[in-house]
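**Student:** So the sequences go chain by chain: A and B.
full-length UniProt numbering applies: residue 1 is where the first sequence begins, and numbers increase by one.
full-length UniProt numbering applies: residue 1 is where the second sequence begins, and numbers increase by one.
There are 2 protein chains.
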Amino acid sequence: MRKIALFDSTLRDGSQAEGISFSVEDKLKIVQALDTLGVAYIEAGNPGSNPKDLEFFFRSKELTLQHSKLVAFGSTRRRNTKAEEDPNLKSLVNAGTSYVAIFGKSWDFHVTDIIRTTLEENLSMIEDSIRFITESGSEVFFDAEHYFDGYLSNKEYALDSLRAALRGGATTLVLCETRGGLISSEVKRITQETMALFPGVDFGIHTHDDVGCAVASSIAAVEAGVVQVQGTLLGFGERCGNANLASVAGILGTKLGCDCLCGENLERLTSVCRRVAEVANVRIAGSSPFIGKSAFAHKGGMHIDGVQKNPLSFEHIDPMEVGNERRLLMSEVAGRALMLKRIARIAPNLDKDDPVTVSLMDELKHLESEGYQFEGAESSFDLVIRRHLKMYRPYFSLVHYQTIGSSPYADPHSDATHAAVVKVKVKGESAITAAEGEGPVNALDRALRKVLEQFYPTLKSVYLTDYKVRVLDSAGATASKVRVLIESSDGKQSWSTIGVSKDIIEASWFALSDSIEYKLIADGVEPSGE
Amino acid sequence: MRKIALFDSTLRDGSQAEGISFSVEDKLKIVQALDTLGVAYIEAGNPGSNPKDLEFFFRSKELTLQHSKLVAFGSTRRRNTKAEEDPNLKSLVNAGTSYVAIFGKSWDFHVTDIIRTTLEENLSMIEDSIRFITESGSEVFFDAEHYFDGYLSNKEYALDSLRAALRGGATTLVLCETRGGLISSEVKRITQETMALFPGVDFGIHTHDDVGCAVASSIAAVEAGVVQVQGTLLGFGERCGNANLASVAGILGTKLGCDCLCGENLERLTSVCRRVAEVANVRIAGSSPFIGKSAFAHKGGMHIDGVQKNPLSFEHIDPMEVGNERRLLMSEVAGRALMLKRIARIAPNLDKDDPVTVSLMDELKHLESEGYQFEGAESSFDLVIRRHLKMYRPYFSLVHYQTIGSSPYADPHSDATHAAVVKVKVKGESAITAAEGEGPVNALDRALRKVLEQFYPTLKSVYLTDYKVRVLDSAGATASKVRVLIESSDGKQSWSTIGVSKDIIEASWFALSDSIEYKLIADGVEPSGE
Numbered sequence: 001m002r003k004i005a006l007f008d009s010t011l012r013d014g015s016q017a018e019g020i021s022f023s024v025e026d027k028l029k030i031v032q033a034l035d036t037l038g039v040a041y042i043e044a045g046n047p048g049s050n051p052k053d054l055e056f057f058f059r060s061k062e063l064t065l066q067h068s069k070l071v072a073f074g075s076t077r078r079r080n081t082k083a084e085e086d087p088n089l090k091s092l093v094n095a096g097t098s099y100v101a102i103f104g105k106s107w108d109f110h111v112t113d114i115i116r117t118t119l120e121e122n123l124s125m126i127e128d129s130i131r132f133i134t135e136s137g138s139e140v141f142f143d144a145e146h147y148f149d150g151y152l153s154n155k156e157y158a159l160d161s162l163r164a165a166l167r168g169g170a171t172t173l174v175l176c177e178t179r180g181g182l183i184s185s186e187v188k189r190i191t192q193e194t195m196a197l198f199p200g201v202d203f204g205i206h207t208h209d210d211v212g213c214a215v216a217s218s219i220a221a222v223e224a225g226v227v228q229v230q231g232t233l234l235g236f237g238e239r240c241g242n243a244n245l246a247s248v249a250g251i252l253g254t255k256l257g258c259d260c261l262c263g264e265n266l267e268r269l270t271s272v273c274r275r276v277a278e279v280a281n282v283r284i285a286g287s288s289p290f291i292g293k294s295a296f297a298h299k300g301g302m303h304i305d306g307v308q309k310n311p312l313s314f315e316h317i318d319p320m321e322v323g324n325e326r327r328l329l330m331s332e333v334a335g336r337a338l339m340l341k342r343i344a345r346i347a348p349n350l351d352k353d354d355p356v357t358v359s360l361m362d363e364l365k366h367l368e369s370e371g372y373q374f375e376g377a378e379s380s381f382d383l384v385i386r387r388h389l390k391m392y393r394p395y396f397s398l399v400h401y402q403t404i405g406s407s408p409y410a411d412p413h414s415d416a417t418h419a420a421v422v423k424v425k426v427k428g429e430s431a432i433t434a435a436e437g438e439g440p441v442n443a444l445d446r447a448l449r450k451v452l453e454q455f456y457p458t459l460k461s462v463y464l465t466d467y468k469v470r471v472l473d474s475a476g477a478t479a480s481k482v483r484v485l486i487e488s489s490d491g492k493q494s495w496s497t498i499g500v501s502k503d504i505i506e507a508s509w510f511a512l513s514d515s516i517e518y519k520l521i522a523d524g525v526e527p528s529g530e
Numbered sequence: 001m002r003k004i005a006l007f008d009s010t011l012r013d014g015s016q017a018e019g020i021s022f023s024v025e026d027k028l029k030i031v032q033a034l035d036t037l038g039v040a041y042i043e044a045g046n047p048g049s050n051p052k053d054l055e056f057f058f059r060s061k062e063l064t065l066q067h068s069k070l071v072a073f074g075s076t077r078r079r080n081t082k083a084e085e086d087p088n089l090k091s092l093v094n095a096g097t098s099y100v101a102i103f104g105k106s107w108d109f110h111v112t113d114i115i116r117t118t119l120e121e122n123l124s125m126i127e128d129s130i131r132f133i134t135e136s137g138s139e140v141f142f143d144a145e146h147y148f149d150g151y152l153s154n155k156e157y158a159l160d161s162l163r164a165a166l167r168g169g170a171t172t173l174v175l176c177e178t179r180g181g182l183i184s185s186e187v188k189r190i191t192q193e194t195m196a197l198f199p200g201v202d203f204g205i206h207t208h209d210d211v212g213c214a215v216a217s218s219i220a221a222v223e224a225g226v227v228q229v230q231g232t233l234l235g236f237g238e239r240c241g242n243a244n245l246a247s248v249a250g251i252l253g254t255k256l257g258c259d260c261l262c263g264e265n266l267e268r269l270t271s272v273c274r275r276v277a278e279v280a281n282v283r284i285a286g287s288s289p290f291i292g293k294s295a296f297a298h299k300g301g302m303h304i305d306g307v308q309k310n311p312l313s314f315e316h317i318d319p320m321e322v323g324n325e326r327r328l329l330m331s332e333v334a335g336r337a338l339m340l341k342r343i344a345r346i347a348p349n350l351d352k353d354d355p356v357t358v359s360l361m362d363e364l365k366h367l368e369s370e371g372y373q374f375e376g377a378e379s380s381f382d383l384v385i386r387r388h389l390k391m392y393r394p395y396f397s398l399v400h401y402q403t404i405g406s407s408p409y410a411d412p413h414s415d416a417t418h419a420a421v422v423k424v425k426v427k428g429e430s431a432i433t434a435a436e437g438e439g440p441v442n443a444l445d446r447a448l449r450k451v452l453e454q455f456y457p458t459l460k461s462v463y464l465t466d467y468k469v470r471v472l473d474s475a476g477a478t479a480s481k482v483r484v485l486i487e488s489s490d491g492k493q494s495w496s497t498i499g500v501s502k503d504i505i506e507a508s509w510f511a512l513s514d515s516i517e518y519k520l521i522a523d524g525v526e527p528s529g530e
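#1: Measure the alpha-carbon distance for Ala249(B) versus Leu6(B) and round it to whole angstroms.
#2: For residue 613(B) and Phe103(B), I'd like the C-alpha separation in whole angstroms.
#3: What span of residues does the alpha helix (DSSP H) with Phe57(A) cover, start to end?
#4: Just how far apart, CA to CA, sit Ile516(B) and Gly428(B)?
#5: Please name the residue, chosen from Val187(B), Thr36(B) and Cys213(B), that lies closest to Gly204(B) on a Cα-to-Cα basis.
#6: What residues from the stretch 348 to 365 of chain B come within 8 Å of chain A, judged by C-beta to C-beta, listed N to C?
#7: Within the chosen definition, does the stretch 90 to 101 of chain B reach the stretch 37 to 57 of chain B through at least 3 CB pairs nearer than 8 Å?
#8: Taking C-beta to C-beta, are Phe141(B) and Ala101(B) nearer than 8 Å?
#9: DSSP three-state label for Val279(B), please.
#10: Can you name the residues of chain B whose CB is closer than 7 Å to the CB of Ala511(A)?
#11: Touch check for the stretch 339 to 350 of chain B and the stretch 197 to 217 of chain A: three-plus C-beta pairs under 8 Å?
#12: For the stretch 281 to 358 of chain B, which segments carrying the alpha helix (DSSP H) assignment without a break, of at least 4 residues, lie completely within its bounds, in sequence order?
#13: Can you pull the chain B residues whose beta carbon is under 8 Å from the beta carbon of His298(A), in chain order?
#14: Could you tell me whether the Cβ atoms of Lys3(A) and Asp415(A) are closer together than 8 Å?
#15: Assign Met330(B) to one of two classes, buried (16 or more other C-beta atoms within 10 Å of its C-beta) or exposed (fewer than that).
#16: For Glu238(A), which option in Glu315(B), Asp445(B) and Cys273(B) has the closest C-alpha, if you only look at C-alpha atoms?
#17: Which whole-angstrom value describes the C-beta separation of Cys176(B) and Glu139(B), a residue pair presumed to lie in contact below a C-beta threshold of 8 Å?
#18: Identify, in the order they occur along the chain, each residue of the same chain with its Cβ nearer than 8 Å to the Cβ of Gly257(A), setting aside the five sequence neighbours on each side.
#19: At the level of alpha carbons, what is the spacing between Leu63(B) and Gln32(B)?
#20: Say whether chain B places a C-beta atom closer than 8 Å to the C-beta of Thr232(A).
#21: Give a yes or no on whether the C-beta atoms belonging to Met320(A) and Met339(A) are separated by under 8 Å.
#22: In or out: Gln493(B) buried (at least 16 other Cβ within 10 Å) or exposed?
#23: Could you check which residue in Ile521(B), Glu267(B) and Gly38(B) has the C-alpha nearest to that of Thr254(B)?
#24: Taking CB distances under 8 Å as the criterion, tell me whether Thr81(A) reaches chain B.
#25: Could you give the distance in angstroms between the alpha-carbon of Glu332(B) and the alpha-carbon of Phe198(A)?
#26: Anything in the stretch 429 to 442 of chain A with a Cβ closer than 9 Å to a Cβ of chain B? List those residues in chain order, please.
#27: Would you mind telling me which residues of chain B sit closer than 7 Å to Tyr401(A), beta carbon to beta carbon, in chain order?
#28: Could you check what DSSP says for Val272(A) in three-state terms: helix, strand or coil?
#29: Using the three-state DSSP reduction, which class does Val462(B) fall into: helix, strand or coil?
#30: Considering only their Cβ atoms, is the gap separating Asn324(A) from Thr357(A) smaller than 8 Å?
#31: What residues in the stretch 101 to 134 of chain B bring their beta carbon closer than 8 Å to a beta carbon of chain A?
#32: Quick check on the DSSP output: the alpha helix (DSSP H) that includes Ala511(B) runs from which residue to which?
#33: Would you verify that the beta carbon of residue 542(A) is, or is not, closer than 8 Å to some beta carbon of chain B?
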C-alpha cells in the first residue's frame, strides 16, 4: 500500500485565515486531536516570528504523541547576514523539534521586487539556512514558496532554488502553489516535469484554494509522485484557505488505496474534524466533502427512493468509512416514501393507502406551501402526525398570552425591554405568570416555561440552543410571513421545532410550544389534558 | 475566443440542498440576477414533479431576459408507457420553454436495481422521451445520469444511452458525475474517451462535489472539449453540492480566456453571487474562491508587506476582475480608504488625519463589531457619518413607544395581533397615536409613520419594500442579537437602513426611524428639531 505523509498546517497557515485565532491551550488540544487521527506531521507555528508560538513549543514537550511529529516553521536567514546570527533561525533551533520546515523564494520576481536582494544571495540564503538547521540535528523540509509561478516565469531559477535546498541538506522538496491561481492540470504538469529532473528525491505539494482546485491539485501531485501533502484539516488558511486535508485524506483512503492515516483511522475523520472546528469556534459547512452534516444527506425524492433500495445508488462510499452518517431529509421534493417511513415510526400499522394517510399527506403538503419546512424541524413534523392521527392529547392549552414592550422600558435598571404574560390551563387548573426578557420572544419563552414547570418539573432541564428567523417573501415587508426555527436541549438530547406566521411572536409561540410538547412526549409524561 | 455555455441549476439541483427552499418570488428574483450576469441557461425547475415549479414557469413569462434561456427539467417517461401519455413529459411541454433537459439512466445497475426495468426498455425510454419533446418544438439536452459510474461498470451500455439520446434528437450530451466520487483525472479520461467516439457532437459536464473536486473536474472536462458546464452559482446542491459556477466562471474567464458570461460581465460576479445568497438567505463562506469576503484578504505580515509592494505577489488576479476587493486585515488600510471615500461624499473638506475623522472611523469600527454591516444599508451609514460630524439636526425625538400583542387578540374581526403606541416630539409639540398590525413590527411601523405624517406630509409616499431579519450568533437563542435590514421606497427612489439589538422591536425601530430621517434629508426638508 502506497504511503502518503499528511502534513497539517492548521496551527500555522490555518491561523492566517480571517477569523481564526488560537490560544496556546487551543493549539495543544488541536495537536492531540490530529495525533489521534494519525496525521504524520503537524506544523505548529513560527517560533521566530511569534512569542506565543515559541511558548507553545516549550509546552508541547508535555505532550506524548502516538503518531504525529511536530514541525517548526520559519523563513530563510535575512539577506546579508550569517545563518548562525539570524534570530529567527536560532528560535527554530530553540523550539527543539526533530523536523523543521524552512521556506524560501523560488520566484525571481519575489526575490528582486519583494525581499529585494540578488538572485545569487537568495540561493545562498536557502542553502545556508537549511545547512544551519540540519547541522543542529533536525531534519529539514524545504517549502519552495511560489514554486509554480516561479517555474512559469523563470524555470531555471526555480530549479536552482531546489538545488540550493538539496545542497543545504533538505530531505523533502515541497512545491508550493502559494497564490493558489493554477488549475490542476498545470500543477500536475509542472510537478511531473520537476520530479523528472530530481530522480530519487522526495517531493511534497502545498496548494491554496483560490480557484477552488486545491484538493484536486494535491491529488494530481500525488498522481505525479509526491510523498507528502501539506494542507489544513478543515481548509483554513490565508484568503480562500489551504488544501482541505479531510478531503485529501478521504480521497487517498477511499479512492486511491493509499495509507495516509495509520490504517483504520479514517473512521475517526468526521469526529476529529468536528473536534478541531469546535476548538477553532468555527462551524463546518454542511456541504463539506466526507465530513459535513449534509455530505450524505438526501433530499430529492428519487434520491431518497434510490438510497433506500441501495445506498450506492447515490453515495460514492459508505459514510461509515469516514465516520459520518446517512440522513434522509423531509421536504417538498422528498416525496411520499420518506413521509410514510416517518409516519410508520409513530403508527406502524397504518396502511399507506388508508384515507387517513392520504389526508395526512395533504396536510403536510399544505403546511409546506404555507412556509413550513420540516427538514430542520423533525420534532414538529412528528407532532403534526400525532395530531392528525388523533394520537395526541394536549399537555396544556393556552388561555391567552400578551407581550408588552416599551422604550424606554418601565424598569431602567433591567436589560429587559419586554414583559410577557402567559395564562394556561393544565389538568383543569388555570395558571398565570409573567416574565421579562430582551425582546418579546425572549420574554414569552421565559414566561411559558415558568408557568408550565410547576406542572411538569422535567421541563426545568430544557433550554434553547438555537433560534433562527427567516422572513419568507420579504417584499411583504413588516407584514411578511416569518418562519421561526428553534433548537432545544435538555443536556442529553436536542430537538428542533418550527412555527410560521405573519406575526413573529405567534410563529415563535408555535415553535416554543411544540418544543415543550415534544419533550414531554419523549419523556413519556402522561398527557394530563387541558 | 472559445465560448463555453454556463448552465445554472440553482433553482433545480440547488433547491435539493439541505436548508434551501425557494418561493416562486425568490425564483423570479434569482432568474433576473443570473440573467444580469449573463449565464447562458437557467434550469428553473421540474414542472412535472412539483406544482410550485409549474406555477413558476407560467409566471416566468412576465420576465424579459437579456442573456439567459430558461430550461425545464424532467425525467424520461415511465417504463412501459407511451411518451405522449406520460404526465411528466406533458408538464414539460406545458411549461413552454425553448430548452428542456431530460435525464435518463446511463448506469446499468440503476436500470436494473433502482428503476427496475430492462436495459432495452431504458434505452427506449430515453429515445422516446427526447423525441416527444423535440417534436413539440423544444431543444433537448440529455443529462446522462451516473454516466461515469456507468462507463466504469458497463462501458458499452453507457455509450448506448448516449446513442439513444442522439437518435431521439438531443443536441447536447451532458455527462453527469452524479455521485460525485471520481477524481478529476478520471473525469477527464472518460470524457476524452467518450467524446472521441462521437465526433462533431456537443458535450456538457455536470459534476458534484462529494470529494471536493467538482470545479477541477468541470475544468478538466473543458480541457477535454465540452462546450457546456452545468453547476450552481454558489455550489448549492444535493449532499456536498454541485460544481460552483462562480469558481468555474472565474477560472474560465481569468485563466483560460474563455467567454462564458457575455464579455465584461465577470465584473458582476461578486455582486450577483451576493444577491443570490441574500435571496436564498444563506451566508457565503468568506473563503469562497473569487467572490468570498476573504478571497483577497491578507492577514499574515509578510503577505501584507508583499501585497503593498506589488499585489501580484500574493494575488492570482486583480480582485476587480471579478468585482471583489482587496482587504488588508492587520492594518485595515483598505477599510480606511473605502470609508474615507464615503465620508468625503458628505464632508468633502474633511482631512483624513483630522481627529474628527479618526474618531468617526473608531465609531464605525465599533458599530461593525456590534453587528452592524453597512454593505447593504448605505443610508444608515450616511446617517452615522452625519450624526458624528454634527451635520445633523433631528426631525423628531421619541418620547416612548409601546407594543402590545396578545393571543387571542382583543378584536377577533381583525387580522391584527398587535397594537403599537408611539409618542414623539416635533417642533416642540408632542403627538401620540396608535396603530394595529400583524405582528409588533408591522404595528410599530404603521404607528410611527402615522404620527409623523401630520408634520411631514412627504412621508405619505413612503412604503417598505423589504424586511429582513438575521439572528447573529443564533446560539444565544431568543436572547441573541438580531440584525434588521429594511428597504424603503417612495415610488421613485429606494434606500436601505439597518438596526441591531437583542430586541427585534428595538432593532426594527432603529431601521425604521433611520429610513424616515433619510427620506426627509434626501427631500431637503428643513429639520425642525425635537
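Using N, Cα and C, we set each Cβ at its ideal position, and we do this for glycine too.
**Tutor:** According to the structure shown:
#1: 8 Å
#2: This structure cannot speak to residue 613(B), because chain B is shown only from 1 to 530.
#3: Pro51 to Arg59
#4: 19 Å
#5: Val187(B)
#6: none
#7: yes
#8: yes
#9: helix
#10: Ordered by position in chain B, no residue passes the 7 Å Cβ test against Ala511(A), which lies about 10 Å from the chain.
#11: no
#12: 301 to 309 and 333 to 346
#13: Glu238 and Arg239
#14: no
#15: Below a pLDDT of 50, predicted positions are generally treated as unreliable, and Met330(B), at 49, falls in that range; the measurement from the model is reported next regardless. Met330(B) comes out exposed.
#16: Glu315(B)
#17: Contact doesn't hold; Cβ gap of about 18 Å is too wide.
#18: Met1 and Arg2
#19: 8 Å
#20: no
#21: no
#22: exposed
#23: Glu267(B)
#24: no
#25: In this prediction, Glu332(B) scores a pLDDT of 41, lower than 50, which makes its location untrustworthy; no coordinate-derived value is stated.
#26: Gly437, Glu438, Gly439, Pro440, Val441 and Asn442
#27: Ser406 and Ser407
#28: helix
#29: coil
#30: no
#31: Phe109, His110, Asp113 and Ile114
#32: Ile504 to Ala522
#33: Nothing can be reported for residue 542(A): it is not among the residues displayed for chain A, which extend from 1 to 530.
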